[in-house]
Every structure is written in C-alpha cells, then in structure tokens.
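In terms of this note's numbering, the sequence shown is residues 578 to 816.
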Amino acid sequence: MTSHLFAVCFGASRPLRLAQFWSGVLGWELADAHDGVALLPSDDTGFRIRVTRSQERKAGQNQMHFDLTSTSLEDQQQTVARALALGGRHIDVGQRPEDGHVVLADPEGNEFCVIEPGNTFLADCGFLGALACDGSQEVGYFWSEALGWPLVWDQDQETAIRSPHGGPKITWGGPPVAPKKGRNRLHFELAAPAHADPTAEVARLLSLGATRNDTGQDEAGRVAMADPDGNEFCVLTPR
C-alpha cells in the first residue's frame, strides 16, 4: 500500500480570499479544514485543494501550476472571463503570440493556464487537466513510485503520471530545472495508508529518494519531507 495524494496545498496571505477564487473558477465546494480552508472536488480529481496562511512572499514563478482545459474557444474565453471577474489577471511568462493557451495569475500571483481546445495530451482529462511542474525526470519517477501512479509519458526527460482512477495528470518538464527560491507556495500533502504504520511509510519514501525536511516546521499529525528535487511535501499521520 502507498500513500495517496490527499491535497495540493497553497500558502496564502489571505486564505479565504484565495479559496473563494479557486472555488469560483473550479466550481468546487468550500469546507473548513485544520489551519485553513479546503476545496472539495466535484469531479474525478481525487484530491482536494487546501489553502493555509503563509506570510512568505512569492519569489519567482511557482514550481507547480494548474492547467485548465477547454472544450471550445468559447469555453476557453468563458473560463478566462470568469477568472478575471473573480480577481485573476493576465500575466506574461514568456509565452509566444501564437501560443493557444492563456496565462493568468490568481489573486495571490500564482500562475495557471487555460489550455486551448483540441489539446491531445489532456484530451481525456477533466476541467482541471494537469498539475504542471518544473522538475527532473528523476522526480517524476519518484512520484510515480511514491503514489503508485503509472507513468503515462516518459520522453526526452519529460515525465507525467496519472492516477489509475483518472483525474488530472502531474507533469514534469525536465531540464533545465529552475533553481528553487525559498519554500514553494504549493506543495503536496500525502495521507499514509489506513491502518498502516506511518513510520514505515516515511521510511519507504526515504528509500525512494525523499529526505526529511528538518526546518523545524513539523506539526503534530504531519511529517515534513522533500522530494529528490528539494520540493517540500508532508505526510499526514494519525493524531
């Protein structure tokens, strides 16, 4: 048994404001959560989004961003308009004029893309099509083993995995990987298998290439770790 991806967590200066934005964009229900706000998926995404308070300023582009899919040009335009009305904005990250996707930022400056219709890579994915990450081939292999999700793409050092139950893909773009600038604003939150020894699960993740993240920020009920690229994640353990 492996851990499952329980949540993708955002650090935010105004957690409720950010959660309301993503609830409006995705159509997910808001719920209270320990030390933050949770968004509960209304589709086959399989994990929730959690927003917690953080005073750390954003430094550079995030290592991870959401790719939202479109069924038509009109659908893409409607998603963009909805995001802008909720407090998003257009940003320039070096995209070319001929690129079909639209790059936006949420109210806290976190980047995301609204992908053009006809994108074959995300053709069978839902509205939240992918979590696109800046990362190495090694880290793609790590997360495939850590979550028990098969590789659905492994070419030219680019990798992607997807849950056997469907939902979004998680992708890593391969080299060059941008250097980290402080703690990531988005991170994975894993839940250890039910009735399993969480210590054994932490040991398994360490054997796959993770490290303990000795930042002094461990909390009761969670173990702070980092993947082979140094990206923070945590493992939830029974209280």
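Backbone N, C-alpha and C fix where the C-beta goes; we use that ideal spot for every residue, glycine too.
By the 10 Å Cβ neighbour count, where 16 or more other Cβ atoms means buried, how is residue 640 classified, buried or exposed?
-> buried
For the candidate residues 590, 620, 607, whose alpha-carbon lies nearest to that of residue 630?
-> When each option's Cα is compared against that of residue 630, the closest is 590.
Give a yes or no on whether the C-beta atoms belonging to residue 625 and residue 617 are separated by under 7 Å.
-> A contact, by the Cβ cut-off of 7 Å.
Identity of the residue in 633, 760, 656, 788 nearest residue 601 by Cα = If we check each option's Cα against that of residue 601, 656 comes out closest.
Shortest alpha-carbon distance to residue 647 belongs to which of 707, 778, 716, 763?
-> 707
Going straight from the alpha carbon of residue 598 to that of residue 691, what length do you get?
-> Looking at the two C-alpha atoms, the distance is approximately 15 Å.
Between the Cα of residue 644 and those of 578, 743, 806, 698, spot the shortest distance and give me the residue it belongs to.
-> 698
On the three-state DSSP scale, how would you describe residue 794?
-> Any reading at residue 794 must be qualified, since the residue scores a pLDDT of 47, below 50, and its modelled position is unreliable; the value itself is stated next. Looking at residue 794 - three-state DSSP - the assignment turns out to be coil, as it is neither helix nor strand.
Out of 603, 710, 620, 814, which has the shortest C-alpha to C-alpha gap to residue 761?
-> 710
For residue 802, count neighbouring Cβ atoms within 10 angstroms of its own Cβ and tell me buried if that reaches 16, exposed if not.
-> buried
Hey, residue 749 and residue 807: beta-carbon distance below 7 Å or not?
-> no
Beta-carbon proximity check, residue 786 vs residue 719, cutoff 7 Å = Yes, Cβ-Cβ distance for residue 786 and residue 719 is below 7 Å.
Hey, would you say the C-beta of residue 798 is under 6 Å away from at least one heavy atom of the ligand COA?
-> Of ligands this structure carries none, so the ligand COA is not represented either.
Counting only the same chain and skipping the five closest in sequence on each side, list residues whose C-beta sits under 6 Å from that of residue 722.
-> The residues are 785.
Straight-line CA distance for residue 813 to residue 763?
-> 16 Å
Anticipated Cβ contact below 8 Å, residue 846 with residue 665, distance rounded | No statement about residue 846 is possible, as the shown extent of the chain runs from 578 to 816 and does not include it.
Less than 8 Å between the CB atoms is what I'm expecting for residue 579 and residue 770, so what's the real figure, rounded?
-> 7 Å
Which residue spans inside the region 622-665 form an unbroken alpha helix (DSSP H) run of at least 4?
-> Segments of the alpha helix (DSSP H) lying fully in the region 622-665: 650-662.
Alpha helix (DSSP H) segment containing residue 776, residue limits | 775-785
Residue 587 and residue 768: beta carbons closer than 7 Å?
-> No, the pair does not count as a contact, with Cβ atoms beyond the cut-off.
Within 10 angstroms of its Cβ, does residue 531 collect 16 or more other Cβ (buried), or is it exposed?
-> In the structure as shown, the chain begins at 578 and stops at 816. Residue 531 is therefore absent and cannot be evaluated.
Identify whether residue 717 lies in helix, strand or coil by the three-state DSSP scheme.
-> helix
Work out the CA separation of residue 737 and residue 696 for me, nearest whole Å.
-> 15 Å
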